[in-house]
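Structure record follows, encoded as structure tokens.
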Amino acid sequence: MRIIKKIDDLKKELFTLMGKKIGLIPTMGYIHEGHLSLIEQSIRENDINVVSIFVNPSQFGPNEDFNAYPRDMERDSKLLEERRVDILFSPDSGEMYPENFSTFVEVEKLSKVLCGRSRPIHFRGVCTVVLKLFNIVKPENVYFGAKDAQQAVIIKRMKEDLNLDISIKVMPIVRDEDGLALSSRNKYLSKEEREAALLMPEALKEANMLINNGLFEANKIREKIVRELKKNKCIKIDYVEIVNLKTLESLDKIDNNNTLVAVAIKLGETRLIDNFILGEI
Ligand code: AMP
């Protein structure tokens, strides 16, 4: 595996691989099985696999966890090497955002709801860095996780709106044995917080069962999830929303083929998200 930190070096390396099918997996590192599931899919579908690790400052708000975000390059590169990733691209902030940088990509509307309410600049930062990575790597396929469902919906919108010749693949959520969706931020949780966090996947599982049994009134499902989450006082609910999977607009009636049920909570300073999807992003 080649570890590359400079954009020009990566472009030169990729130039020598012209004609090969390239898969890209953008990450912020602290690699876990969720990331690895995207990588494995990319390896199955492409000739050359590029993983980026970049804790992107422009997607963190001023009071968010940019500095505290877990980083472990040594462990990450070992894990990627074991999986036979070809290239690890790990630029520093100055490389991605040189002096006088001033162009940002904003996907309107979709970026302002759900996580966008409490993280107003988040998706602008995500789209900007993702488009930069697309332009640098020029992949055929790019892999994202359904855990960040809103992110996947927004990036697909950006792809359509900006006519990007890239295939966006969205892979299912990978969970720990206890049901908690894997996330680099789980590292922040105390034992008590982790226990409380489990109410989130449990509430979603129950909601999914109720829908399977024919309850399609969104407000009833929403209330049920809220009630479950309120069972633990550590949990601060950011949102529980049931929305159309394409427009992210609130639904009254759940559509079995086009619904996102999404939750965000805070446990102390740690913000966690989870969801389930009826249909396909
Ligand atoms: P991150 O490093 O958290 O920015 O995540 C990089 C990519 O991995 C994103 O596309 C995430 O949606 C995806 N991802 C993160 N956690 C999971 C998970 N538990 N299951 C599947 N994909 C995930």
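Position in the sequence shown counted from 1, then plus 142, gives you the numbering used here. Think of the CB as a built atom: it goes at the ideal place given N, C-alpha and C, for glycine as much as any other residue.
8 Å Cβ cutoff met for residue i and residue j
i	j	result
Q238	V193	The amino acid at residue 238 is misidentified as Gln; the sequence shows Met. Result no, Cβ atoms of M238 and V193 do not sit closer than 8 Å.
G421	T389	no
L156	V279	yes
V403	I377	no
L381	L252	According to the sequence displayed, residue 381 carries Tyr and not Leu. Cβ distance not < 8 Å, so Y381 and L252 don't count as in contact.
K301	I310	yes
T438	L331	Any question about residue 438 goes unanswered here, given that the chain covers just 143 to 423.
N188	K154	no
F418	N350	yes
A338	N361	no
R327	L414	yes
V385	L393	yes
L159	I190	yes
S232	P199	no
I263	G203	yes
A291	I423	yes
L221	M143	no
Whole-number beta carbon distance between residue j and residue i, since they are thought to touch under 8 Å
i	j	result
C269	I308	Wrong, their Cβ atoms sit about 13 Å apart, outside the cutoff.
L324	G171	Not confirmed; about 14 Å, so no contact.
A345	L371	6 Å
I353	I396	6 Å
D207	I173	Between I173 and D207 the Cβ distance is about 18 Å, and since that is not below 8 Å, they are no contact.
L230	I195	7 Å
Q183	G267	About 25 Å separates the two Cβ atoms, so there is no contact after all.
R186	V197	So it is not a contact: roughly 27 Å between Cβ atoms.
L306	F276	6 Å
Exposure label - residue i; buried when at least 16 CB within 10 Å
i	result
K274	buried
K289	buried
R226	exposed
G303	First, the amino acid is wrong: residue 303 is Asp here, not Gly. D303 comes out exposed.
G135	No answer is possible for residue 135: it lies beyond the span of the chain, which begins at 143 and ends at 423.
F243	exposed
E383	buried
F286	buried
I407	buried
A294	buried
T245	exposed
R299	buried
G258	buried
D228	buried
R369	exposed
D416	buried
M313	buried
P343	buried
P168	buried
P281	buried
Residue i at chain D interface by Cβ criterion, 8 Å
i	result
L273	Any reference to chain D falls outside this structure, which holds one protein chain only.
**OP:** Note down, one range per segment and in chain order, each beta strand (DSSP E) of at least 3 residues found wholly within the region 301 to 338.
**Re:** 309 to 313
**OP:** Jot down the residue ranges of each uninterrupted beta strand (DSSP E) in the region 218 to 273, minimum 3 residues, whole runs only, in chain order.
**Re:** 229 to 231
**OP:** Considering only heavy atoms of the ligand AMP, list every residue whose Cβ is less than 6 Å from one of them, following chain order.
**Re:** T169, M170, G176, H177, S179, L180, F286, G287, K289, D290, M313, I315, V316, A323, L324, S325 and S326
Subject >> Residue ranges of each alpha helix (DSSP H) within the region 375 to 414, 4 or longer >> reply: none
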